[in-house]
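Sequential numbering from -1 applies to the sequence shown in the working numbering. Just so you know, even glycine gets a beta-carbon here, dropped at the ideal spot from N, CA and C. Below is one structure, written out as structure tokens; comments come after it.
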Amino acid sequence: MLQVKDTSFSYTKTFTLQNINFNVNVGEHLSIIGESGSGKSTLLKLLYGEYDLNSGEIYWNGKQILGPKFNLIVGHEYMKYVSQEFDLEPFITVAENIGNFLSNMFPNKKQRRITELLQVVELTAFAKVKVQYLSGGQKQRVALARAIAKQPEILLLDEPFSNIDNFKKQSLRRNIFKHLKAHNISCIVATHDKNDVLPYADKMIVLHKGKVIANNSPQNLYKHPKEALVAAFFGEFNVFKLSEISRLKQNNTTVIVYSNEITITEKSKLVASAFKSHFMGDYYLIEAVFKERSIFINHPVFINESQEIYFSISEELIQYRIL
-1 MLQVKDTSFS
9 YTKTFTLQNI
19 NFNVNVGEHL
29 SIIGESGSGK
39 STLLKLLYGE
49 YDLNSGEIYW
59 NGKQILGPKF
69 NLIVGHEYMK
79 YVSQEFDLEP
89 FITVAENIGN
99 FLSNMFPNKK
109 QRRITELLQV
119 VELTAFAKVK
129 VQYLSGGQKQ
139 RVALARAIAK
149 QPEILLLDEP
159 FSNIDNFKKQ
169 SLRRNIFKHL
179 KAHNISCIVA
189 THDKNDVLPY
199 ADKMIVLHKG
209 KVIANNSPQN
219 LYKHPKEALV
229 AAFFGEFNVF
239 KLSEISRLKQ
249 NNTTVIVYSN
259 EITITEKSKL
269 VASAFKSHFM
279 GDYYLIEAVF
289 KERSIFINHP
299 VFINESQEIY
309 FSISEELIQY
319 RIL
């Protein structure tokens, strides 16, 4: 188990991370989300032992993870870290990069492992290509394969699919996270992409200005967004005053409602004026003006500009959301 206890860190006099607490069980997948500059990458580097803490403690299976003041060489055999700089050897092949840290005592076993990992990251056709000739996305895939080659106990990933082409990204995510679960490898992913999180993460923490403002499962955070920052990660959302949309009239209470939770109807007490229909593939995102501000609604068909629309929000959803 990874244990992060009251951890704080600063590059200067201002804290980059402050009073961070969370646990990650063996084989568990944790996602870290937050705005740029919120401390996601710094947190991964602290977990890896790249910096010394200002205060607090970090443990993996009871053994304290310490920084460069205590370790001449950064890193641990049981932990691998894939940063946004891939740290590959450019003048040798993809297969050689992946196999570089595997034992040569059993060459057939080593080759089978390289072959398996080439399939996981979908680079079999590039096995004999030197890394210097690869694209950024291909290099990122080599870095991922190299990190899991020796089956670490815990893997730290910083924006692991950011350079991957969209048509490869979905299958690569499935392959990587399936492989990690199959081998009971704990995984911590810093990301800004909800598709890295929703289908795969067991837990998710949200960083804001160096502090954890939410720590729960992705499902619970999606269903009960208490902060606009959390809702924004999952998609388009609206903030309504309770008195605007419900029979309940509690003063100063606001409700977060996702665009897909609003229905356009033939008649309703809630009326808006369509401003723009954004084509999103299998639906249109309708931007409309309601009480002199923009709201967003998912709808299956295009709506003309300035058309009056009626919309509704489930009273059951509203009551569920404010509990």
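Check: CB contact flag (ALA147, PHE99, <8 Å); Outcome: yes
Check: Beta-carbon contacts of ASN182 that lie in its chain and below 8 Å, excluding the five residues immediately before and after; Outcome: VAL24 and GLY25
Check: Beta carbon of LEU42 nearer than 8 Å to that of TYR76; Outcome: no
Check: Continuous alpha helix (DSSP H) stretch holding ARG144: start and end; Outcome: 134 to 146
Check: Check whether GLU234 and TYR256 have beta carbons under 8 Å apart; Outcome: yes
Check: Pairwise C-alpha distance: PRO88 and GLN130; Outcome: 5 Å
Check: Coil, strand or helix - THR189 by DSSP; Outcome: coil
Check: Own chain, CB closer than 8 Å to ALA93, minus 5 neighbours either side, in chain order; Outcome: ILE112, LEU116, ALA125 and LYS126
Check: As assigned by DSSP and simplified to three states, the class of GLU33; Outcome: coil
Check: Beta-carbon proximity check, LEU331 vs PHE20, cutoff 8 Å; Outcome: What is shown of the chain runs -1 to 321, which leaves residue 331 out entirely.
Check: Helix, strand or coil at ILE56 according to DSSP, with G and I counted as helix; Outcome: strand
Check: Among PRO298, GLN136, GLN149 and ALA123, the one whose alpha carbon lies nearest that of PHE165; Outcome: GLN136
Check: GLN149 - DSSP class collapsed to helix/strand/coil; Outcome: coil
Check: Coarse secondary structure for GLU306, derived from DSSP in three states; Outcome: strand
Check: Three-way DSSP call (helix, strand, coil) for SER271 in this model; Outcome: strand
Check: Endpoints, beta strand (DSSP E) assigned at ALA286; Outcome: 282 to 288
Check: Opposing strand residues paired with TYR256 [DSSP bridges]; Outcome: PHE235
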